[in-house]
Each structure stands twice: as structure tokens, then as C-alpha cells.
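A.B. asks: Quick one: the structure is below, and I'll ask about it shortly.
Residue numbers (my numbering): 47 to 271.
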């Protein structure tokens with residue numbers, strides 16, 4: 047079995063096969079007493095077959111705990127390489143009833159997730175964004191994968207994915223890359239405890255922090271679709 051560090055190096059190598067995703071950050075119309083994310087989940091269930099026919103898979107709908115407004119949510123969709131119906135399907139998901147605005151980020155998996163990886167329903171997830179110099183991308187991925195084995199062995203946690211977002215015009219002008227890290231924890235308590243990681247993991251995270259221009263995080267729950 048390849049080590050996590052080898053997986054990071056393999057991703058950085060030329061000729062890797064991209065695994066592609068869409069991340070929709072949603073803001074709903076939310077009249078008093080409404081449950082916009084729950085209603086949106088029902089609309090997603092009705093669209094599930096159409097998304098699959100277009101080459102996609104609805105992987106998870108995330109609802110807020112800490113860091114987002116109550117009316118907000120995020121949807122992660124995975125895609126087969128070269129899926130012809132991707133853009134049309136995403137446009138439809140972004141304009142389902144109740145959606146006020148939707149920001150789309152096209153994502154590519156780095157060392158995780160693998161093609162067969164799936165989100166686990168229990169616990170909480172954190173969605174942490176990093177802004178780094180594009181020239182630091184390979185090192186940041188490598189540092190992350192070096193830290194993961196010790197981190198996951200020490201805590202009730204699982205790093206589901208570290209994704210690279212497609213560069214916007216602003217990203218290109220600034221020479222930066224945005225990364226999205228999705229991590230499952232057994233609870234908010236475990237998340238807090240994980241700040242005291244093993245020396246090896248802490249050293250990798252400290253170096254990664256030095257390469258980070260900006261970062262922000264929210265804790266969320268995975269909602270069944």
C-alpha cells in the first residue's frame with residue numbers, strides 16, 4: 047500500500063488523472079419558520095437520477111453549525127472525467143426553488159479523495175479554505191499527507207479530501223491557489239482536542255501555516271440526500 051507521502055508525490059507528478067468535483071455554496075431565501083436546506087434536500091432527491099445520467103453523483107449536502115448563516119449550505123458533486131452534462135446539471139442545481147445565490151467552485155482532488163471514497167455520516171465536518179502561493183502547491187499537499195496518518199491514528203477523525211479550486215481571474219493575478227480541506231471529526235470536542243497533535247503532525251502543520259496567506263473554517267453537518 048502506498049504511503050500518504052507517496053500519494054502526495056504521485057499527485058504532484060505529471061500525467062495524474064484528475065478527479066473532478068463541483069462545490070456549490072448556497073444562500074437560500076429563508077422566510078421565518080422555514081427550513082430551506084431541508085427543502086433543498088428534497089429537491090435534490092428529485093434530481094438525483096438526472097445528475098447521475100449526466101455523469102455526476104450527489105456526494106453530500108452540508109448544513110451549518112459554526113461559521114455560516116442558518117440560511118446557507120454547501121453541496122459537493124463528483125463527476126466522471128469529461129462528463130458532457132456537467133455544466134447544465136450544475137446550473138440546474140444552482141437554480142432549484144429556494145436558492146437565492148450560488149457560488150460554484152470547480153474542484154480537483156489532490157491526494158484525497160480517491161475515486162471510491164465516500165463521506166461518512168456521523169460526527170461533524172469542517173470545511174477549511176487555504177490561500178497559498180501557487181508555487182507552494184506541491185509542498186503544501188506533501189506536508190498535509192505527511193501529517194494525516196498520525197493525525198487520524200490519534201483522533202476520531204478522517205480527512206475526506208484536499209481539493210484544489212480552479213483559479214479565478216483574481217487568483218491568477220495574485221499568483222495564488224485556493225485549497226479546500228474537508229475533515230470529519232467525531233464531535234466538536236474531538237476537533238478542539240486535535241489542536242494538540244503528535245509532534246510529527248504539528249511540525250508539518252506549522253510548516254504549512256508558514257506557506258498560507260489566508261485561511262478560514264466552518265463546522266457543518268452532513269445531510270442525507
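All C-beta atoms in this analysis are idealised placements derived from N, C-alpha and C, irrespective of residue type, glycine included.
Since the model is a prediction, treat every value here as computed from it, not as a measurement.
Find the nearest neighbour of residue 92 within the set 117, 81, 135, judged by alpha-carbon distance.
C.D. replies: Residue 92 has its Cα closest to that of 135, out of 117, 81, 135.
A.B. asks: Let me make sure I understand the geometry here. Which of 120, 100, 244, 96 has the alpha-carbon closest to that of residue 74?
C.D. replies: Closest by alpha carbon: 120.
A.B. asks: Using the Cα positions of residue 226 and residue 106, report the straight-line distance between them to the nearest angstrom.
C.D. replies: The straight-line gap from Cα to Cα measures roughly 15 Å.
A.B. asks: Any idea if residue 254 is buried or exposed, counting beta-carbon neighbours within 10 angstroms, 16 or more meaning buried?
C.D. replies: Answer is buried; the Cβ neighbour count reaches 16.
A.B. asks: Which residues share a DSSP beta bridge with residue 204?
C.D. replies: DSSP, once it has assigned bridges, lists 230 as partnering residue 204.
A.B. asks: Could you have a look at residue 159 and say whether DSSP puts it in helix, strand or coil?
C.D. replies: Residue 159 falls in the coil class under three-state DSSP.
A.B. asks: Give the straight-line distance between the Cα atoms of residue 165 and residue 104, rounded to the nearest whole angstrom.
C.D. replies: Distance between the alpha carbons of residue 165 and residue 104 is about 11 Å.
A.B. asks: Quick check on the DSSP output: what are the complete alpha helix (DSSP H) runs of length 4 or more inside the region 72–139, in order along the chain?
C.D. replies: Listed in chain order, they are 82–99, 132–139.
A.B. asks: Exposed or buried, what is residue 80 when buried is set at 16 or more other beta-carbons lying within 10 Å of its beta-carbon?
C.D. replies: Result: exposed.
A.B. asks: For residue 237, tell me which candidate among 224, 210, 200, 219 has the shortest Cα-Cα distance.
C.D. replies: For residue 237, the nearest C-alpha among the options comes from 200.
A.B. asks: For the region 211–224 against the region 179–195, do three or more pairs of beta-carbon atoms, one drawn from each stretch, fall closer than 8 Å, so that the two count as touching?
C.D. replies: Yes: the two stretches touch, three or more of their Cβ pairs being nearer than 8 Å.
A.B. asks: For residue 165, name the three-state secondary structure that DSSP assigns.
C.D. replies: Coil.
A.B. asks: Can you give me the C-alpha to C-alpha distance between residue 77 and residue 193, rounded to a whole angstrom?
C.D. replies: Going from the Cα of residue 77 to the Cα of residue 193 covers about 44 Å.
A.B. asks: Taking the alpha carbon of residue 87 as the reference point, which residue from 233, 191, 217, 140 has its own alpha carbon closest?
C.D. replies: Considering only alpha carbons, the answer is 140.
A.B. asks: In the structure shown, what three-state DSSP assignment does residue 199 receive?
C.D. replies: Residue state, collapsed to three classes: helix.
A.B. asks: Does the Cβ-Cβ distance between residue 101 and residue 130 come in under 8 Å?
C.D. replies: Yes, Cβ-Cβ distance for residue 101 and residue 130 is below 8 Å.
A.B. asks: Return the first residue and the last residue of the beta strand (DSSP E) that residue 259 is part of.
C.D. replies: Here the beta strand (DSSP E) through residue 259 covers 258–269.
A.B. asks: Indicate whether the contact test is met: 3 or more Cβ pairs, each with one atom in the region 169–177 and one in the region 256–268, closer than 8 Å.
C.D. replies: The region 169–177 vs the region 256–268: in contact.
A.B. asks: Out of 167, 163, 156, 213, which one is the CA nearest neighbour of residue 187?
C.D. replies: Of the listed residues, the one whose Cα sits closest to residue 187 is 156.
A.B. asks: Evaluate residue 170 with the Cβ neighbour count: other Cβ atoms within 10 Å of its Cβ, from every protein chain shown; 16 or more gives buried, anything less gives exposed.
C.D. replies: Counting Cβ neighbours within 10 Å, residue 170 comes out buried, since at least 16 surround it.
A.B. asks: Under 6 Å Cβ to Cβ from residue 62, same chain only, skipping five residues before and after it: list those, please.
C.D. replies: Below a pLDDT of 50, predicted positions are generally treated as unreliable, and residue 62, at 43, falls in that range; the measurement from the model is reported next regardless. Result list for residue 62: empty, nothing under 6 Å.
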